[in-house]
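Accompanying notes for the structure given below.
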Amino acid sequence: MSPGTPAAAPADGAAGGGAGGEGGHDGLEVRLTWLGHSTVVLDVRTGARATRLVTDPLLRRHAGLLRRRGGIPADVWRGSDAVLLSHAHHDHAEPASLRMLGPVPVLTAPETARWLRGRGIEGRGLGDDEWFEVAPGVDVRLVPAVHGDRPMPHRPNAANGHLVRVRWGGRTCVVWALGDTEAYAAMRETAGLAGAPVDVALVPVGGWGPRLSGGHLGPREAAQVCSEAGARAAVPVHWGTLHAPGGRWLPPGWMDAAGLAFGVETAARAPGCRPVVLPVGGSWTVPVA
Ligand SMILES: [Zn+2]
Ligand SMILES: [Zn+2]
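Reading the sequence shown from the start, the letters are residues 16 to 304 in our numbering.
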């Protein structure tokens, strides 16, 4: 099957490198590359410094029993300075992928961090209001996620999202990675936690089958959440990538449906939010005011 998916907003091609080159926008630039499902590489430039972050890295063809459509992702994740891990479900926490990233901090809930350290991975648990400085001007903290519908007996069941706050040269850029979550009232306070508006939300809109289980957002709920949190732009994730083995009986086109629907729902329900529907491997540079 082809991994290609129409883009509702222009993607700007292949990912750039995380090191070297000219800084733009007064030396602050945040460029993101969606590698499928919830894996997003954030290339942050602050002056001459390049910092790379990656969310929920799935870097191989399989994630447990789940299969990836298309080839393995491009290796633009190499050289990441930190990992942002939302929870330990198999479609987010894949120990083999985490080891491919080398000994970098994996920023997550304390319970999940302990589980990682027991597997030789550098889990770094963050407290409720703790900001972790990845590099000067580049800080990460956890935010809540409500995702308790599918508890696992052999892995921790904590769940969180992340805020990435980049401050440089008097400008600020905020990225909100929601992780897996249902809507909750305190989402309206996300910008308050960041101390600045959310420039882009990485928002889950689907799953790895045509039906969503509880504890997830569909395209409509995701658009509503982006509106309530005041996100200026949103990249849909958690769609279009993974499927169960087999699956020939599933309705044709289901893998592409959620991302495209998110673009439509956002136009209707979140007029202040720009949907940026990327193909797998597509990149976009966040406009910083
Ligand atoms: Zn999950
Ligand atoms: Zn998931």
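We treat Cβ as the ideally placed atom computed from N, Cα and C, and that holds for glycine.
The closest CA to that of V303, considering only P267, A65, G184 and G297, is found on G184. The alpha-carbon of T281 is positioned some 11 Å away from that of V250.
In this structure, G222 has its beta carbon less than 8 Å from a heavy atom of ligand 2. For D271, the closest of P260, G255, G278 and F277 by C-alpha to C-alpha distance is G255. If you check the C-beta of A174 against ligand 1, you find a heavy atom less than 8 Å away.
Shown here for R76: same chain residues with a beta carbon closer than 6 Å to its own, the five before and five after excluded, namely R83 and I87 in chain order. Cβ-Cβ distances below 8 Å link L80 to H105, A259 and P260 in the same chain, with the five nearest sequence neighbours on each side left out; the list follows chain order. Taken atom to atom, the span from the alpha-carbon of A283 to that of H162 is near 26 Å. In this structure, the alpha-carbon of V155 lies about 19 Å from that of G42.
Contact annotation: A150 and R93 have beta-carbon atoms that are not nearer than 9 Å. The beta carbon of G233 sits no closer than 8 Å to any heavy atom of ligand 1. Near ligand 1, residues with a Cβ at less than 5 Å from any of the ligand's heavy atoms are H104 and D195; the list follows chain order. Membership of E44 in the beta strand (DSSP E) is indicated by the continuous run L43 to W49.
Exclusion of the five residues before and after L73 leaves H52, T54, E109 and S112 as the residues of its chain whose Cβ lies within less than 6 Å of its Cβ. Counted as a single uninterrupted DSSP element, the stretch harbouring L74 is not any alpha helix (DSSP H), since DSSP gives it neither H nor E. Of the other Cβ atoms in all chains shown, 16 or more fall within 10 Å of the Cβ of P290; this residue is therefore buried. For the region 51-117, the full-length beta strand (DSSP E) segments reaching 3 residues or more read 55-61, 64-70, 81-83 and 97-99 along the chain. Note on M202: 16 or more other CB atoms within 10 angstroms of its CB, so buried under the neighbour-count rule.
The three-state secondary structure of T123, taken from DSSP, is strand.
9 Å or more divides the Cβ of V218 from the Cβ of L68. Within the chosen limit of 8 Å, ligand 2 reaches the beta carbon of S53 through at least one heavy atom. Taking a 10 Å sphere around the C-beta of P118, we find fewer than 16 other C-beta atoms and assign the residue as exposed. A Cβ-Cβ separation of about 6 Å places A198 in contact with E236 under the 8 Å criterion. Its chain contains A174, N175, G176, G194 and T196 as the residues whose beta carbon lies nearer than 6 Å to that of A160, once the 5 sequence neighbours on both sides are disregarded; these appear in chain order.
The three-state secondary structure of T187, taken from DSSP, is strand.
Boundaries of the beta strand (DSSP E) around P251: A248 to V252. For C241, the CB contacts under 7 Å within the same chain, skipping 5 residues up- and downstream, are A216, V218, A249, T281, A285 and C288 in chain order.
The three-state secondary structure of T300, taken from DSSP, is strand. Placement of the Cβ of H258 at a distance of 8 Å or more from every heavy atom of ligand 2 is found. When beta bridges are read from the DSSP output, V158 appears opposite G176.
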